[in-house]
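Following this line, the structure appears as structure tokens:
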């Protein structure tokens with residue numbers, strides 16, 4: 246089942262609530278585009294804690310952002326209520342995976358979508374300074390969160 250935005254159904258998308266900071270605003274009184282990447286990072290940290298439970302090997306050994314794609318849908322002004330970042334795994338590869346996101350309001354605040362994004366993550370072994378392959382137990386941890394690609398309105402070819 247897909248949401249209207251093309252992501253997995255609400256029963257499978259992970260929802261992280263991330264607070265906004267006053268300093269996230271720019272001169273136009275909305276959350277700066279660069280700060281959206283921080284919101285996505287904060288949501289990933291929250292999700293990975295739950296997705297990988299006590300297995301910290303992925304985080305301890307290394308996972309690097311190799312690419313971001315983000316589509317801004319509407320301005321987000323500062324407020325005290327957190328944003329809800331719905332996220333899921335949109336691709337699993339041999340040495341990394343992608344995470345898709347929809348930045349929206351929590352149900353009790355509204356239903357505006359502020360951004361849609363996707364992050365490509367590469368696994369890396371900091372001890373040997375080299376990329377590494379996704380292990381079977383990591384792949385198993387990602388499987389319950391697997392869904393569609395990010396629901397961009399327009400994708401680069």
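In my numbering, the protein residues as written are 246 to 402.
All C-beta atoms in this analysis are idealised placements derived from N, C-alpha and C, irrespective of residue type, glycine included.
- Uninterrupted beta strand (DSSP E) stretches at least 3 residues long and entirely within the segment 333-383 occur at 341-349, 358-370, given in chain order.
- Under the 10 Å beta carbon count, residue 323 is surrounded by fewer than 16 other beta carbons and is classified as exposed.
- Taking the C-beta atoms as reference points, residue 309 is found no nearer than 9 angstroms to residue 379.
- In this structure, 284 is the residue among 352, 351, 274, 284 with its C-alpha nearest to the C-alpha of residue 362.
- Pairing residue 298 with residue 386 gives a Cβ-Cβ distance under 9 angstroms.
- Within the same chain, Cβ atoms closer than 7 angstroms to the Cβ of residue 360 are found at 281, 315, 316, 317, 318, 348, the five residues on either side in sequence being excluded.
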